[in-house]
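Residue numbering for the sequence shown follows this note's numbering, starting at 427 and increasing by one per position.
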Amino acid sequence: MTLRPVACLLCFLLVFCLVVQDADAAERPNILYIMSDDHAAHAISAYGSRLAEIAPTPNIDRLAEEGALFTNAFCTNSICSPSRACVLTGQYNHVNGSFDLSGSVEPGKQMLAIEMRKAGYETAMIGKWHLKAEPADFDYYCVLPGQGKYHNPDFRVRGDKPWGKNLISFQDKHVTDAITDLSLKWLSQRSDKDKPFFLMHHYKAPHDYFDNAARYESYLADVDIPEPETLWNRGESFGSLATRGDNDELVPHIGTSIGSRNPRRSYLLDLPKLYPNEFPMGYDPADYSDEQNTRLAYNAYLKKFLRCVKGIDDNLGRLFDHLEETGQMDNTVIIYTGDQGFMLGEHDYQDKRWMYEESQRMPFLVRYPKTVPAGQRFDTIVENVDYGPTMLEFAGAEIPATVQGRSFKSMLESGEEPDDWKQAAYYRYWMHMAHHDNPGHMGIRTKTHKLIYYYGCNYDGGYQTPAGWELYDLVNDPHETRNLYHDPEHAKLAAKLKSQLAETRQRVGDDGSHYPACEAIVQEFWDYDDADQAKAREISHQYLQRRLEELAAGQRNIRTYQGK
């Protein structure tokens with residue numbers, strides 16, 4: 427007789443727990459993670475850059491107006507595959523193993539997809555994947571092969587054939603439109619609408635070369651695009667022996683250019699052939715001055731880039747309209763970011779890879795009106811390894827012990843940066859001198875300063891370029907024009923930041939064991955005393971000779987990041 431009340435109580439508690447669990451499930455938000463490729467923050471009008479008035483992005487801006495915007499969100503390695511791996515795993519590249527463009531994340535290790543599924547989410551990966559292995563840990567995927575095509579794109583799907591062989595094609599479609607169509611179809615037809623969704627919606631655009639949809643050809647056609655001052659005036663104090671060479675002898679050979687500075691690769695060489703309509707009829711660079719040629723290449727570059735951005739913003743309008751019409755807009759955590767930043771002519775550089783602001787900074791905007799107050803701007807330092815755990819916490823999912831990043835959900839909701847939050851972002855670019863002539867380097871970025879160490883070698887300690895250090899005061903010199911590393915007045919600051927860089931390497935686990943020959947070079951030039959600098963100058967001369975011999979032999983795409 428005494429057992430019956432206990433049994434009834436246990437039944438009541440079980441039913442209560444199930445009801446609470448169901449209620450919690452009903453309250454959990456959908457999560458829509460939108461990531462474009464190479465979309466720099468200063469090409470989003472909410473960030474208020476020189477491009478804001480001529481190329482507004484109203485749909486992306488809506489996320490900032492109705493949610494939060496981060497001004498100090500950074501990638502840990504400004505290149506496609508490594509950045510995507512950081513988001514997916516919550517780990518730095520030396521831990522997740524995706525050091526460069528050959529990087530992959532194998533099934534069983536695609537942390538975000540796995541944990542979201544465990545938490546009861548229906549998961550999908552649509553668009554640019556670029557991580558080699560099959561995205562098999564997602565319930566659904568439809569991804570571009572490698573970089574994919576801008577027009578008439580193919581997509582890899584799950585099927586009877588081996589990974590990579592099951593293709594669907596979109597004829598007469600621009601890739602940005604096709605990716606949006608795919609996500610809208612999945613959202614409308616997904617198999618279990620009782621579950622919340624987790625959708626990684628990844629655009630290929632505006633990755634170069636910037637092939638916009640035909641309907642945007644007239645957009646900005648008659649506009650002179652505002653130029654960064656550093657396109658023309660790099661300044662004698664910008665850079666270092668590592669980026670300029672001894673007596674500036676490597677200026678033509680470090681960093682690909684907009685104009686004619688770099689003889690191996692520049693947009694002045696590439697864009698007239700790809701987009702002749704952006705140049706005068708019968709264009710011959712010999713008929714123009716260096717300044718005129720650079721200006722023509724810059725305008726072609728920016729117009730094609732911004733037309734691709736316009737296509738993204740318009741398609742986000744379609745995506746947001748669907749969420750509004752289906753009553754899901756306010757119950758969806760919407761994040762917009764890029765996989766890294768992009769140099770838009772600053773310092774006469776193209777592409778990304780650099781630790782300079784325009785390349786290292788990622789746009790990061792988030793809207794969720796149920797808990798994230800509107801109109802917030804954060805200068806808190808967050809890294810792409812933090813994105814995954816933040817989304818997991820919004821989902822009420824478990825954050826595995828393997829994750830190195832940290833959720834900033836509470837910060838979004840309270841508006842307050844925790845007292846124990848990190849005060850520096852770590853950066854390391856490993857793919858030494860590949861594709862865009864960027865030396866291997868590492869560094870830290872605080873809210874006020876940046877320290878960059880160009881150790882100048884590949885994984886095997888080979889193909890050396892001169893080592894050098896750069897220190898920038900981002901408060902007084904936000905465009906990074908004056909390297910203060912060798913300024914005696916900043917010697918104590920340089921030493922302090924160098925010590926902080928060493929500590930940060932320990933904290934994130936970059937101990938050099940991954941590539942010992944490379945680490946030997948890192949340590950060799952760490953002190954950078956007079957003997958180190960003398961050796962760096964000698965390496966500058968040696969590298970110049972090597973590069974000139976390569977150019978004379980027509981060797982423009984050699985493998986630089988491995989071997990000697």
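Here a beta-carbon is modelled for each residue, glycine too, at the ideal position from N, C-alpha and C.
Just verifying my parser: in three-state terms, what is the DSSP assignment at S617?
For S617, the three-state secondary structure derived from DSSP is coil.
Q: Report all residues from its chain with a CB closer than 6 Å to the CB of L429; omit the five preceding and five following residues, and keep chain order.
A: Reliability fails at L429, whose pLDDT of 46 lies under 50, so the model's placement of it is uncertain and no value is given.
Among H679, T816, A823, nearest to Q372 - alpha-carbon criterion
Coverage of the chain is limited to positions 427 through 990, which leaves residue 372 absent and any answer about it impossible.
Item checked: Touch test, the segment 638-655 against the segment 553-565, Cβ-Cβ under 8 Å, three pairs minimum -> Contact between the segment 638-655 and the segment 553-565 is absent, because fewer than three Cβ pairs lie under 8 Å.
- Task: Write down the C-beta distance between T763 and M461 rounded to the nearest angstrom, noting that I regard them as a contact closer than 8 Å.
- Result: About 5 Å separates the two Cβ atoms, so the contact holds.
Would DSSP call E653 helix, strand or coil?
DSSP places E653 in coil when its eight states are reduced to three.
- Task: Indicate the three-state DSSP secondary structure (helix, strand or coil) for I470 in the structure shown.
- Result: If DSSP states are grouped into helix, strand and coil, I470 belongs with coil.
**Asked** When the Cα atoms are used, what is the spatial distance from P632 to V735?
**Response** Taking the Cα positions, P632 is about 6 Å away from V735.
* Asked: By how many angstroms is the C-alpha of S683 removed from the C-alpha of M537?
  -> Near 38 Å, if we compare the C-alpha coordinates of S683 and M537.
(message) Which residues does DSSP list as the beta-bridge partners of Y645?
(response) Answer is none; Y645 lacks a bridge partner.
Subject >> CB of S509 within 8 Å of CB of G767, strictly >> reply: The Cβ atoms of S509 and G767 lie no closer than 8 Å to each other.
Backbone secondary structure at K876 - three-state DSSP: DSSP places K876 in strand when its eight states are reduced to three.
query: Helix or strand or just coil, what does DSSP make of S925?
result: Note: S925 maps to helix in three-state DSSP.
Problem set entry | Integer Cβ distance of H875 from Y898, believed to fall under 8 Å | Going by Cβ atoms, the distance from H875 to Y898 rounds to 7 Å, so yes, they are a contact pair.
Q: Run the proximity test for P826: is its beta-carbon closer than 7 Å to any non-hydrogen atom belonging to the ligand SAM?
A: Annotation note on the ligand SAM: not contained in the displayed structure, which lists no ligands.
With a Cβ-Cβ cutoff of 8 Å, do K992 and G574 count as a contact? This structure gives no information on residue 992, because the portion of the chain shown stretches from 427 to 990.
Inset, instruction - Determine the burial state of D487: buried for a count of at least 16 other Cβ atoms within 10 Å of its Cβ, exposed for fewer. - result: That one is buried.
- Would you call the segment 672-691 and the segment 699-709 in contact, with 3 or more CB pairs under 8 Å? In short, these stretches do not touch, since the Cβ pair count stays below three.
task = Check whether the Cβ atoms of N810 and T497 lie closer than 8 Å to each other.
result = Result no, Cβ atoms of N810 and T497 do not sit closer than 8 Å.
Check your understanding: Distance, Cα to Cα, K587 vs Q615?
Key -> Rounded to the nearest angstrom, the gap between the Cα atoms of K587 and Q615 is 24 Å.
Check: Can you give the Cα-Cα distance for E548 and G572, rounded to whole angstroms?
Finding: About 25 Å.
Query raised in the report: Straight-line CA distance for V445 to R582?
Result: With a pLDDT of only 39 at V445, under 50, the local geometry of the prediction cannot be trusted, and the value read off the model is given with reservation. Rounded to the nearest angstrom, the two C-alpha atoms are 40 Å apart.
C993 lies in the alpha helix (DSSP H); which residues open and close that run?
Only positions 427 to 990 of the chain appear in this structure, which leaves residue 993 out of reach.
Practice task
Could you spell out where the beta strand (DSSP E) holding H867 opens and where it closes?
Solution key: For H867, the enclosing beta strand (DSSP E) has its first and last residue at 867-871.
- Assigned secondary structure, V446 (DSSP; H/G/I helix, E/B strand, else coil): Residue confidence for V446 is low, a pLDDT of 38 falling below 50, so the modelled location carries little weight; the figure read from the coordinates is stated next. Of the three classes helix, strand and coil, the one that applies to V446 here is helix, per DSSP.
**Message:** Judging by CA-CA distance, which residue of R793, A979, H748, K873 is the nearest neighbour of K611?
**Reply:** Of the candidates R793, A979, H748, K873, the one whose C-alpha sits nearest the C-alpha of K611 is H748.
(request) Leaving aside the five residues before and after F596 along the sequence, list all residues of the same chain whose C-beta is less than 7 Å from its C-beta, in chain order. (result) Same-chain partners within the cutoff: N578, P579, A604.
Neighbourhood of L728 by C-beta distance below 6 Å, restricted to the same chain and skipping five residues each side: Excluding residues within five positions, the ones whose Cβ falls inside 6 Å are I651.
_C-alpha gap between R690 and H858, whole angstroms_ = The straight-line gap from Cα to Cα measures roughly 16 Å.
- Taking the alpha carbon of S836 as the point to measure from, which residue in N757, G989, L489, T797 has its own alpha carbon closest? The option with the nearest alpha carbon to S836 is T797.
Practice task
Could you check if I878 is buried or exposed, using at least 16 other CB atoms within 10 Å of its CB as the buried criterion?
Solution key: Sixteen is the threshold: when 16 or more other Cβ atoms of the shown chains lie within 10 Å of the Cβ of I878, as they do, the residue is buried.
Check Q890 in the structure and name its three-state DSSP category. Reduced to three states, the DSSP call for Q890 is coil.
| If we call anything under 8 Å between Cβ atoms a contact, is T656 one with E772? | Cβ distance < 8 Å, so T656 and E772 count as in contact.
| request: Identify the continuous alpha helix (DSSP H) that holds S530 and give its terminal residues. | output: Per DSSP, S530 belongs to no alpha helix (DSSP H) and is neither H nor E.
Just curious, the alpha helix (DSSP H) that Y727 is in, first and last residue? In the DSSP annotation of this structure, the continuous segment of the alpha helix (DSSP H) that includes Y727 starts and ends at 716-751.
message: Taking the beta carbon of Q932 as the centre, do at least 16 other beta carbons fall within 10 Å, making it buried, or is it exposed?
response: In this structure Q932 is exposed. Its beta-carbon is surrounded by fewer than 16 other beta-carbon atoms within 10 angstroms.
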